[in-house]
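Student: Okay, so the sequence shown: first residue is 1 according to full-length UniProt numbering, each after it adds one.
Where a beta carbon is used, it is the ideal one built from N, C-alpha and C, also for glycine.
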Amino acid sequence: MASAAAATQVGTYFLRNYYNLLQQTPDVVHQFYSEASTMVRVDDLTGNNTATRSCRSAIAKPRAG
Numbered sequence: 001m002a003s004a005a006a007a008t009q010v011g012t013y014f015l016r017n018y019y020n021l022l023q024q025t026p027d028v029v030h031q032f033y034s035e036a037s038t039m040v041r042v043d044d045l046t047g048n049n050t051a052t053r054s055c056r057s058a059i060a061k062p063r064a065g
């Protein structure tokens with residue numbers, strides 16, 4: 001079984017890479033998802049402007065508007 005330190009290191013590494021890609025090249029972030037994935041995006045602090053997409057191919061599509 002992996003130690004807590006190892007799990008924390010893996011999580012930190014993943015998050016660093018994910019958010020770096022999200023900021024620098026958002027068009028490739030869909031590669032982190034599978035066909036079973038669901039992504040919810042909230043664009044404002046009120047929660048009124050949200051978008052939900054399911055499956056890797058839909059997540060990869062650019063948002064409309």
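Name the two residues that bound the continuous alpha helix (DSSP H) containing A6.
Tutor: A4 to Q24
Student: Give every residue of the same chain whose Cβ lies closer than 8 Å to the Cβ of A58, excluding the five residues on either side of it in the sequence, and list them in chain order.
Tutor: none
Student: Out of V29, T8, Q9 and T38, which one is the CA nearest neighbour of Y18?
Tutor: V29
Student: Which first and last residues belong to the beta strand (DSSP E) in which A51 is found?
Tutor: Boundaries of the beta strand (DSSP E) around A51: T50 to S54.
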